[in-house]
Amino acid sequence: SDSAQQIAQERGLGNSSQRKVYLPIIRAYRVGPELIDWTDGKNLRELGIYRQTGCYIERIRRNGILAHPDGDAILQEGDEIALVGFPDSHARLDPS
Numbered sequence: 001s002d003s004a005q006q007i008a009q010e011r012g013l014g015n016s017s018q019r020k021v022y023l024p025i026i027r028a029y030r031v032g033p034e035l036i037d038w039t040d041g042k043n044l045r046e047l048g049i050y051r052q053t054g055c056y057i058e059r060i061r062r063n064g065i066l067a068h069p070d071g072d073a074i075l076q077e078g079d080e081i082a083l084v085g086f087p088d089s090h091a092r093l094d095p096s
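Reminder that position 3 of the sequence shown reads as 3 in full-length UniProt numbering, one-by-one numbering, no gaps.
#1: So is Asp70 buried or exposed if we call it buried at 16+ other beta carbons inside 10 Å?
#2: Do you know whose CA, among Ile57, Leu23, Glu58, Gly78, lies nearest Gly64's CA?
#3: When we look at the beta-carbon of residue 99 and count the other beta-carbons within 10 Å, is it buried (16 or more) or exposed?
#4: Please confirm whether Arg27 and Leu83 have their CB atoms less than 9 Å apart.
#5: For Leu93 and Thr53, I'd like the C-alpha separation in whole angstroms.
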């Protein structure tokens, strides 16, 4: 047990209170007119949201129907999108 703890210390795996877990989170956003202006009719592939933000669109809810979007999907005003990304990626999206 002591040797296992020593090896863990040497490898930077100290006690669990010192470790920080950095996991992606999912957050919902409603697509408003300002986002529609920004997308300018481009599909998700052309927008490159992941390249720009580090988040990806997991799902789109449109007219009450939940769908997994592909690269050809085009966002529409009123869509609800579920974005997955690390907290700092979401922070880049949210000016508040």
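Ideal Cβ placement from N, Cα and C applies to all residues, glycine included.
The answer reads as follows:
#1: In the sequence shown, residue 70 corresponds to position 70, counting from 1. Per the 10 Å Cβ criterion, exposed.
#2: For the purposes of this step, residue 64 is taken as the residue at position 64 of the sequence shown. Taking each of Ile57, Leu23, Glu58, Gly78 in turn and checking the Cα distance to Gly64, the smallest one comes out for Gly78.
#3: This structure cannot settle anything about residue 99, because the visible part of the chain is limited to 1 through 96.
#4: As a working mapping, residue 27 is identified with position 27 in the sequence shown. As a working mapping, residue 83 is identified with position 83 in the sequence shown. The answer is yes: Cβ separation under 9 Å.
#5: Along the sequence shown, one-based indexing puts residue 93 at 93. Along the sequence shown, one-based indexing puts residue 53 at 53. Their backbone Cα atoms lie some 7 Å apart in a straight line.
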